[in-house]
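K.L.:
There are 2 protein chains.
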Amino acid sequence: MKKSLPLSQVYKFLEPGPVVLVTTSIKGHHNIMAMSWHAMIDFNPPLIGCVISNRNDSFAILKKTNECVINIPTVTLIKKVVGCGNTKGSKVDKFNKFHFTPKHAQTVKAPLIDECYVNLECKVIDKKMVNKYNFFILQVTKAWINSKQKNPKTMHHLGNGLFMISGKTIKLPSKMK
Amino acid sequence: MKKSLPLSQVYKFLEPGPVVLVTTSIKGHHNIMAMSWHAMIDFNPPLIGCVISNRNDSFAILKKTNECVINIPTVTLIKKVVGCGNTKGSKVDKFNKFHFTPKHAQTVKAPLIDECYVNLECKVIDKKMVNKYNFFILQVTKAWINSKQKNPKTMHHLGNGLFMISGKTIKLPSKMK
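What follows is the structure, given as structure tokens:
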């Protein structure tokens, strides 16, 4: 189902601001967190900046392992996404609780969430802003896309459990990348 | 038309990932650029991280003046937004060319774009990542919202002039802020 996504195309999936699920792994234990505070930093190799709060269990795992996967869900998964946001990975196995399927990644130990239509394997390349802002800079080392997913409807957080669902698209002549 | 927006509510407008227009000003000359590479860094006071390429005229102005305004347009302005992305502020007065109305800000010299439904006055508070990543950390010092704008349709860049327009909303019980 999944095919390789060229790294040069990764920015197109994060620029519009979807809620993503970040997976991490340590000593065989996988975790999942929901995240909206991310931005592209560079095109290729794709660099991503993101805030992972030190109140999240994922913070310590990412800081230690320097690896994660950014998984982009469609709106069909919205209840599971909110569930991940409302539970603690140190107390519950989120893959099991929310019936997500972990798949082996190619370049990192953290698992892909098979149900997400895009998966970005990432390595932490800069932690200088972690102590002050909980801000990590990641490099995407391998990317996957479900080529059968047409018109994916992504979810975009508006605060307090309110989500905007992606609508129609418009194409304009543009010199912008 | 515009009323003060509590700083604690700012994140709700940037989390979903809209294209924004960044205004800067130096020696009485205003500039505008389109931007999609931004993320929330903290809630209150609201901190925003953003990449402003050193190929943009706005880069040098922001680096020198440490002030800007992030303006959020609705889709009715899409042609003007793409126009701003396709022109150089050093060669053309974008306020004049695209018929945008500059309004005085309260805490910075850069102007608000009156036609945008949200305006965030920002000061640069951290330039440590500017040389390496063109990444600025801004603090929102004053925020405005057009209280008459109901159901604002924001635009979200998918690359190469393709935009997703914000669709319907869904509310779920959530402990997430």
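Going line by line, the protein sequences match chains R and U.
Residue 175 in this note's numbering is what sits at position 175 of the first sequence, and the numbering runs on without skipping anything.
So the mapping is simple: this note's numbering equals the position in the second sequence, first residue as 1, plus 1000.
Using N, Cα and C, we set each Cβ at its ideal position, and we do this for glycine too.
#1: CB R:Leu14 to CB R:His38, shorter than 8 Å?
#2: Taking contact to mean at least 3 C-beta pairs separated by less than 8 Å, is the stretch 1121 to 1137 of chain U in contact with the stretch 161 to 169 of chain R?
#3: Which same chain residues end up closer than 8 Å to R:Leu47 when comparing Cβ atoms and leaving out the 5 residues on each side of it in sequence?
#4: With C-beta atoms as the reference, is U:Ala1143 less than 8 Å away from U:Thr1024?
#5: For the 8 Å Cβ check, are there 3 or more pairs between the stretch 62 to 70 of chain R and the stretch 1065 to 1074 of chain U?
#6: Is the Cβ-Cβ distance between R:Val19 and R:Val92 less than 8 Å?
#7: For U:Asn1044, which residues in the same chain have their Cβ closer than 7 Å to its Cβ, ignoring the five residues on either side in sequence?
#8: For R:Ile26 and U:Thr1074, what's the separation of their Cα atoms in angstroms?
#9: Got a sec? Which residues, its chain only, sit under 6 Å from R:Gln149 by beta carbon, not counting five neighbours each side?
#10: For the beta strand (DSSP E) that contains R:Leu138, what are its first and last residues?
#11: At a Cβ threshold of 8 Å, is R:Met33 touching chain U?
#12: Can you give me the C-alpha to C-alpha distance between U:Ile1145 and R:Pro102, rounded to a whole angstrom?
#13: Could you tell me whether the Cβ of R:His99 comes closer than 8 Å to any Cβ of chain U?
#14: Nearest to R:Asn86 by alpha carbon, out of R:Gly167, R:Ile72 and R:Leu21?
#15: Quick one, which residues of the stretch 1142 to 1174 of chain U are near chain R if we go by CB-CB under 9 Å, in chain order?
#16: Closest by CA to U:Lys1002, which one among U:Ala1060, U:Met1033 and U:Glu1115?
#17: May I ask which residues mark the beginning and end of the alpha helix (DSSP H) holding U:Asn1096?
#18: Just confirm the distance between the C-beta atoms of R:Lys94 and R:Ile32, as a whole number of angstroms; I'd bet it's less than 8 Å.
#19: Can you give me the start and stop residues for the beta strand (DSSP E) that R:Phe43 sits inside?
#20: Give every residue of the same chain whose Cβ lies closer than 6 Å to the Cβ of R:Ser4, excluding the five residues on either side of it in the sequence, and list them in chain order.
#21: Taking Cβ-Cβ distances below 9 Å as the criterion, which residues of the stretch 9 to 26 of chain R are in contact with chain U?
#22: Which residues, in order along the stretch 48 to 60 of chain R, keep a beta-carbon less than 8 Å from a beta-carbon of chain U?
#23: With DSSP as the reference, label U:Val1074 as helix, strand or coil.
#24: Whole angstroms are fine: how far does the CA of U:Asn1151 sit from the CA of R:Asn104?
#25: Less than 6 Å between C-beta atoms, sequence neighbours within five positions excluded: which residues of the same chain meet that for U:Thr1154?
#26: Identify the contact partners of U:Ser1004 in chain R, using a Cβ-Cβ distance below 8 Å as the criterion.
#27: List the endpoints of the continuous alpha helix (DSSP H) containing U:Asp1057.
#28: Count the other CB atoms within 10 Å of the CB of R:Ser53; is the residue buried (16 or more) or exposed (fewer)?
#29: In terms of residues, what are the limits of the beta strand (DSSP E) holding U:Leu1120?
#30: Between which two residues does the alpha helix (DSSP H) harbouring U:Phe1100 extend?
#31: Check the C-beta distance from U:Phe1135 over to R:Gly49 and give it rounded, since I have them as a contact under 8 Å.
#32: If we count the other Cβ atoms within 10 Å of its Cβ and call it buried at 16 or more, is U:His1099 buried or exposed?
#33: Within its chain, find whatever has a CB closer than 6 Å to the CB of U:Gln1106; leave out the 5 residues flanking it on each side and keep chain order.
#34: Going by the DSSP bridge assignment, what does U:Val1051 pair with across the sheet?
#35: List, in order along the chain, the chain U residues whose C-beta lies closer than 8 Å to that of R:Phe136?
#36: Assuming U:Leu1158 contacts R:Pro173 (C-beta within less than 8 Å), just tell me the rounded distance between them.
P.N.:
Reading off the structure:
#1: yes
#2: no
#3: Met40, Ile41, Ile125, Ile137, Leu138, Gln139 and Val140
#4: no
#5: no
#6: no
#7: Leu1007 and Ser1008
#8: 43 Å
#9: Tyr117
#10: Phe135 to Asn146
#11: no
#12: 43 Å
#13: no
#14: R:Leu21
#15: Lys1153, Thr1154, Met1155, His1156, His1157, Leu1158, Gly1159, Asn1160, Gly1161, Leu1162, Phe1163, Met1164, Ile1165, Ser1166, Gly1167, Lys1168, Thr1169, Ile1170, Lys1171, Leu1172, Pro1173 and Ser1174
#16: U:Glu1115
#17: Lys1094 to Lys1097
#18: 4 Å
#19: Careful: R:Phe43 lies outside any beta strand (DSSP E) and carries neither H nor E.
#20: none
#21: Gln9, Tyr11, Lys12, Phe13, Leu14, Glu15, Pro16, Gly17, Pro18 and Val19
#22: Gly49, Cys50 and Val51
#23: The identity of residue 1074 of chain U in the sequence shown is Thr, whereas the question assumes Val. It is a strand residue.
#24: The sequence as given places His at residue 104 of chain R; Asn does not occur at that position. Going from the Cα of R:His104 to the Cα of U:Asn1151 covers about 41 Å.
#25: Pro1018 and Ser1166
#26: None at all; the shortest Cβ gap to chain R is about 18 Å.
#27: Asp1057 to Thr1065
#28: exposed
#29: Val1118 to Asp1126
#30: No alpha helix (DSSP H) contains U:Phe1100, which DSSP labels as neither H nor E.
#31: 7 Å
#32: exposed
#33: Lys1142
#34: U:Phe1135
#35: Going along chain U, no residue has its Cβ under 8 Å from R:Phe136, so there is no contact; the nearest lies around 11 Å.
#36: Not confirmed; about 15 Å, so no contact.
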